[in-house]
Amino acid sequence: MSTALGLAEAEGRFGRYGGRFVPEALIAALEEVETAYRAAQADTDFQVEFAAMLRDYAGCPSRLYEATRLSAELGGRVLLKREDLNHTGAHKLRNVLGQGLLAKRMGKPRLIAETGAGQHGVATATVAAYLNLSCTVYMGEVDTERQALNVARMRMLGATVVPVRTGSRTLKDAINEAMRDWVTNVADTHYLLGTVAGPHPFPTMVRDFVRGIGVEAREQCVALTGDLPDAVTACVGGGSNAIGAFHAFLDDAEVRLYGFEAGGDGVETGRHAAAIGAGGAGVLHGARSYVMQDEDGQTVESHSISAGLDYPSVGPEHAWLHDTGRAIYQSVTDTEAMDAFALLCRTEGIIPAIESAHALAGTRRIIPELAAELGRPPVVIVTLSGRGDKDMATAARWFQLLDGES
């Protein structure tokens, strides 16, 4: 499968998905990024510097932690890939270190980025400070309100945060504004896209910078258990942490891959962000993938309690993995995710990002099915993509933990 995938990637395609659907003004910029990235891939000095940054600055490899109390609760052997322990508290730092280093290589002194939950924005602001680059982050106005702490963190790190007040005022609109900025300032600016979506080469390049999640988890699981896991699970919005976790296992047919989308209030209500589960093929933000659309093919607004999953499309490689059946995608409602959020807090003393709680909720659902099929408790790796500090205001309201609220 990986060989076939490699052939498709030469054209920026994953089956019928991916590609480059952008204004003419961006074609040269995308070709510049692709050329620089291909050269960096082949440059030993770049790879050595990137590996050193991951090790010494980000704190990688992240730990694979056996969650024994959670395992007893769920009936399987649950191993948590602790990306929440990385510097800045999420898997996002892997990608921004790689792209920040690439921007320096291209001679671009300015970074722009978009962010939903704020973790990518914080990571981009961090690497800009680390590498002495200027930084502007676009963020939907709704997300600046529900992620106010991360807005403060970005500003503390020296970034300019621009609230986007158009459309649904969430991640989709932030990406639109970042694209407009890039068209205007492409000569000195690198658009540090935060997920495996967008026009080629971003889906491939971002995946390559985060694929260490799965590479590390595969080695750690074999060292810990003596074998590969039965399943790997992750939440899916744009899908960067999930692709990072899945990719090292694509050729291991016995390892099942599960992605859990944001089901919001329930897919049947229309208030969700399940692009694969309830969308269709279309083009958004420069790539063909699954997109939430109305009967006229217009993109519709998404909804999720998790700002990081509140996006009406998904990375094109996920669309391809879904169509080929190599990965299974299901939706998880806000209520299921928040129940799992509380369960991890109380069994392991770990407060996860609400994004990651979707993966925990989905894992809670599939473990009984796997146990019945295998005739034993399954071994499941769950990616904790980020820590929950940023989500405490949302969680406190959901669980009515604040004085004066009932």
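Our numbering numbers the first residue of the sequence shown as 649 and each following residue consecutively.
Ideal placement from N, C-alpha and C gives every residue a C-beta, glycine not left out.
Alpha carbons only, please: which of G764, M804, T808 and Q767 is nearest the one belonging to V785?
T808
Quick check on E672: does DSSP put it in helix, strand or coil?
helix
Where G755 and N833 are concerned, what is the direct C-alpha to C-alpha distance, given to the nearest angstrom?
Spanning the two alpha carbons is a distance of roughly 14 Å.
Report the residue from R661, A955 and E864 whose alpha carbon sits nearest the alpha carbon of V884.
A955
Per-residue DSSP class, three states only, for Q795
The three-state reading of DSSP puts Q795 in coil, since its state is none of H, G, I, E or B.
With 16 as the cutoff for other CB atoms within 10 Å, does V696 come out buried or exposed?
exposed
Counting C-beta neighbours from all protein chains within 10 Å, is the total for G1034 16 or more, i.e. buried, or is it exposed?
Answer is buried; the Cβ neighbour count reaches 16.
Would Y906 and T873 be called neighbours here (beta carbons separated by less than 7 Å)?
no
Between which two residues does the alpha helix (DSSP H) carrying R828 extend?
Annotation for R828: the continuous alpha helix (DSSP H) segment containing it runs L819 to N833.
Pick from A921, V799 and Q795 that is closest to T774, judged by C-alpha positions
When only C-alpha atoms are compared, the closest one is V799.
Measuring only the C-alpha atoms, how far is R855 from I891?
Taking the straight line joining both Cα atoms gives about 6 Å.
Near L702, which residues of its chain fall below 6 Å by C-beta distance, leaving aside the five closest residues on each side in sequence?
C708
Return helix, strand or coil for P1000, following the three-state DSSP convention.
P1000 falls in the strand class under three-state DSSP.
Find out if the Cβ-Cβ distance for the pair G886, T947 is shorter than 7 Å.
T947 sits away from G886, with the two beta carbons spaced by 7 Å or more.
Nearest by alpha-carbon distance to T716: which of I998, G927, V939 and D1039 is it?
I998
From the DSSP output, which residues share a beta bridge with M787?
T763 and P811
For E714, which three-state DSSP category applies?
strand
Going along the chain, which residues of its own chain have a beta-carbon closer than 6 Å to the beta-carbon of G927, five neighbours each way excluded?
Within the same chain, and ignoring the five residues on either side of G927 in sequence, the residues whose Cβ sits closer than 6 Å to its Cβ are Y938, V939 and M940.
Whose C-beta lies closer than 7 Å to the C-beta of V812 among residues of the same chain, with five residues either side of it excluded?
Y786, M787, G788, E789, D821, A822 and E825
Measure the alpha-carbon distance for A929 versus L819 and round it to whole angstroms.
20 Å
So, with DSSP's three-state summary, where would you put G862?
helix
CB I1015 to CB G748, shorter than 7 Å?
no
On a Cα-Cα basis, can you pick out the residue from S952, A700, G912 and P877 that is closest to E902?
Comparing alpha-carbon positions, the option among S952, A700, G912 and P877 lying closest to E902 turns out to be P877.
Beta-ladder partner(s) of K729, from DSSP
L712 and T1031
R668 and G934 look like a contact to me (Cβ under 8 Å); what is the Cβ gap, rounded to whole Å?
6 Å
Suppose the cutoff is 6 Å on Cβ atoms and the five residues either side in sequence are ignored; what does the same chain contact list for T651 look like?
Only weak support exists for where T651 lies, its pLDDT of 38 falling under 50; the value from the coordinates is given anyway. Cβ neighbours of T651 within its own chain (closer than 6 Å, five residues either side excluded): none.
Does the separation of the CB atoms of A761 and L840 fall below 7 Å?
yes
Cβ-based burial, N734 [other Cβ within 10 Å; buried from 16]
buried
Cβ-based burial, V870 [other Cβ within 10 Å; buried from 16]
exposed
Residue burial classification, L653 (beta-carbon count within 10 angstroms, cutoff 16)
At L653, the pLDDT of 44 sits below 50, so the modelled position is not reliable and the matter cannot be decided from this model.
Opposing strand residues paired with Y906 [DSSP bridges]:
Here Y906 is bridged, per DSSP, to T881 and I976.
8 Å Cβ shell around A776 - same chain, five flanking residues per side excluded:
G748, L759, S782, C783, L805, G806 and A807
In DSSP terms, what V681 is bridged to:
Answer by DSSP bridge pairing: none, since V681 is not bridged.
Quick check on this structure: which residue in P1026, A990, A921 and R994 has the alpha carbon closest to the alpha carbon of I953?
A921
Of the listed residues E864, H838, E714 and A1044, nearest to A699 (C-alpha basis):
E864
For S816, the three-state DSSP class (helix, strand or coil)
coil
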